[in-house]
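Here's the structure we're looking at; comments come further down.
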Amino acid sequence: MTYGNRNPLDSLDPTAMKEPKMPPTAPPVDQQAAARFAPARLDVVDLTASYRGLPAVADVSLTIEPHRVTALIGPSGCGKSTLLRCLNGMHLMAPHATVTGQVLLGGTDIYDPRVNPIEIRRRVGMVFQRPTPFPTMSIRDNVLAGVHLGRRRGRGTHDDLVEQALMRAGLWKEVRNRLKAPGGGLSGGQQQRLCIARALAVEPEILLMDEPCSALDPISTLVIEDLIKEIRETCTVVIVTHNMQQAARVSDTTVFLNVEYAGVPGRLIEAGPTEQIFNAPQQRATEDYTSGRFG
Ligand SMILES: Nc1ncnc2c1ncn2[C@@H]1O[C@H](COP(=O)(O)OP(=O)(O)O)[C@@H](O)[C@H]1O
Ligand SMILES: [Mg+2]
1 MTYGNRNPLD
11 SLDPTAMKEP
21 KMPPTAPPVD
31 QQAAARFAPA
41 RLDVVDLTAS
51 YRGLPAVADV
61 SLTIEPHRVT
71 ALIGPSGCGK
81 STLLRCLNGM
91 HLMAPHATVT
101 GQVLLGGTDI
111 YDPRVNPIEI
121 RRRVGMVFQR
131 PTPFPTMSIR
141 DNVLAGVHLG
151 RRRGRGTHDD
161 LVEQALMRAG
171 LWKEVRNRLK
181 APGGGLSGGQ
191 QQRLCIARAL
201 AVEPEILLMD
211 EPCSALDPIS
221 TLVIEDLIKE
231 IRETCTVVIV
241 THNMQQAARV
251 SDTTVFLNVE
261 YAGVPGRLIE
271 AGPTEQIFNA
281 PQQRATEDYT
291 SGRFG
C-alpha cells in the first residue's frame with residue numbers, strides 16, 4: 001500500500017482494512033495501562049455550535065467511548081474543527097461563539113458555569129494541524145509547558161515526567177541527548193511529536209487532534225499514526241482527518257459529517273465502526289463521500 005497516495009478510491013481497497021477492528025466493548029491492549037489510565041466517556045447531546053449566531057454545526061449527538069480512536073471525516077467546512085473544539089470548550093474562545101446542547105465528560109456538562117474550563121482543557125487536550133512548539137524554549141521545557149495548568153499527581157520528578165511523555169510520544173530516543181536544545185530545531189514530524197508529548201505530559205483523558213499530519217511528510221505521518229494507535233491504551237483519541245485512508249488506518253469509530261451547501265450548518269450523517277462506515281455505510285451520502293463520488 002502506498003501511503004503517499006491520497007486517492008479516496010483506495011479506501012475501498014480491502015488491504016486498507018486488513019487490521020482487525022476491535023468490537024466496541026474490547027478492552028485496551030495493555031491492561032496495566034488501563035488500570036492506571038481510565039478516561040471518562042464523552043457524550044455529545046444535541047450540540048449546536050455557532051459563530052455570530054449562525055450555526056456552523058447543528059444537532060450533533062454522539063458518544064465517544066474511552067480507549068478508542070474516533071475519526072471525524074467530511075468535506076471542508078462541514079464543521080469538523082468546530083465540533084472538535086466544542087469537545088473541550090475551546091470553541092467558546094472564538095469571538096462571538098456560542099454553543100447549545102451538552103458535552104458530558106463522565107456525566108458532567110463541561111458547559112455548566114460551575115465547571116472550571118481550565119480543568120476541562122487539562123482533561124481534554126488538543127493537538128493542532130501545524131506543530132506549535134515554543135521554538136526558543138528547550139525540548140524539556142516544551143514538554144513541561146502545560147504541566148503547571150494541572151494538578152501533578154505526585155509521581156516521580158519532572159525528569160520522569162519528561163521522559164515518560166517523550167516515550168509515549170515516540171520521541172525519547174531521538175531527543176534524550178539534547179533535551180536542552182530548542183524545540184524549534186527539530187524536524188516538522190518531531191515537532192508534532194513534541195506537541196503530542198506536551199499534551200500527554202498533563203495526562204489528559206482525551207486527546208483531540210485536528211488534522212495532526214496534514215503539514216507532515218508521509219513517513220512522519222506514518223510514525224504519528226502508529227503513535228495514535230498506542231496512545232489509545234492510555235487515552236481516548238478524537239482525530240479530524242481529511243484523509244480517508246488515514247481514518248481507515250487509525251480509527252475504531254468513524255463519524256461522517258456533511259454540509260449540503262454553503263451557509264447551512266454541518267450535520268452528523270452517520271457514525272459507527274470504521275469498517276462499517278467504509279464498507280457498508282447506511283447512508284448514501286456517506287458512501288458517496290468515502291468512495292470519492294462526492295459532489
Ligand atoms: N472563527 C470562526 N468564525 C466564524 N466562522 C467560522 C470560524 N471558524 C469556522 N467558521 C465557519 O464554520 C463552518 C465550519 O468550519 P470548520 O469547523 O472549520 O469546518 P471543517 O473543519 O470541517 O473544515 C464554516 O462555514 C466556517 O467558515
Ligand atoms: Mg478543519
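The opening residue of the sequence shown carries number 1 in the UniProt record's numbering; numbering runs sequentially from there. Backbone N, C-alpha and C define an ideal beta-carbon position, used for all residues, glycine too. Every value quoted in this text rests on a predicted model; they were computed, and no experiment measured them.
A check of alpha carbon separations from glycine 106 across Ser214, Cys195, Ala97 and Pro66 identifies Pro66 as the nearest.
Where proline 204 is concerned, there is no enclosing beta strand (DSSP E), because DSSP gives it neither an H nor an E. Distance between valine 99 and glutamine 282, taken at the CA atoms: about 29 angstroms. In the three-state DSSP reduction, threonine 63 falls in the strand class (E or B). In this structure, glycine 74 keeps its C-beta atom at 8 angstroms or more from the C-beta atom of alanine 56.
Taking 8 angstroms as the cut-off, the beta carbon of alanine 197 is found closer than this to the beta carbon of valine 143. In the three-state reduction of the DSSP assignment, asparagine 88 falls in the coil class, being assigned neither a helical nor a strand state.
Ranked by how close their Cα comes to the Cα of valine 202, the residues His91, Asp160, Leu222 and Leu179 have Asp160 in first place. For the 8 angstroms CB-CB criterion, leucine 194 and isoleucine 231 do not form a contact. In this structure, ligand 1 has a non-hydrogen atom nearer than 7 angstroms to the beta-carbon of tyrosine 51. Rounded to the nearest whole angstrom, the CA to CA distance from leucine 104 to glycine 146 is 23 angstroms.
Between valine 162 and leucine 179, the C-beta gap is smaller than 8 angstroms, which places the two residues in contact. For lysine 180, the shortest C-beta to heavy atom distance toward ligand 2 is 7 angstroms or greater. Boundaries for aspartate 159: no beta strand (DSSP E) harbours it, while the alpha helix (DSSP H) harbouring it runs 158 to 168, taken from the DSSP string. Taking each of Val60, Thr290 and Pro131 in turn and checking the Cα distance to glycine 188, the smallest one comes out for Pro131. Relative to ligand 2, valine 57 has its C-beta separated by 7 angstroms or more from all heavy atoms. Minimum Cα-Cα distance from leucine 171 among the listed residues His158, Gly125, Glu211 and Asp226 corresponds to Asp226. The closest heavy atom of ligand 2 lies less than 7 angstroms from the beta carbon of serine 81. Distance from the Cα of glutamate 119 is smallest, within the candidate group Arg267, Gly292, Pro204 and Thr63, for Pro204. With a threshold of 7 angstroms, the Cβ atom of valine 240 counts as near ligand 2, since some heavy atom of the ligand is closer than that. Less than 8 angstroms divides the Cβ of glutamate 174 from the Cβ of glutamine 190. Around alanine 247, the same chain offers Ala71, Ile73, Thr241, Thr254 and Thr274 as residues with beta carbons nearer than 7 angstroms, after the five sequence neighbours per side are excluded.
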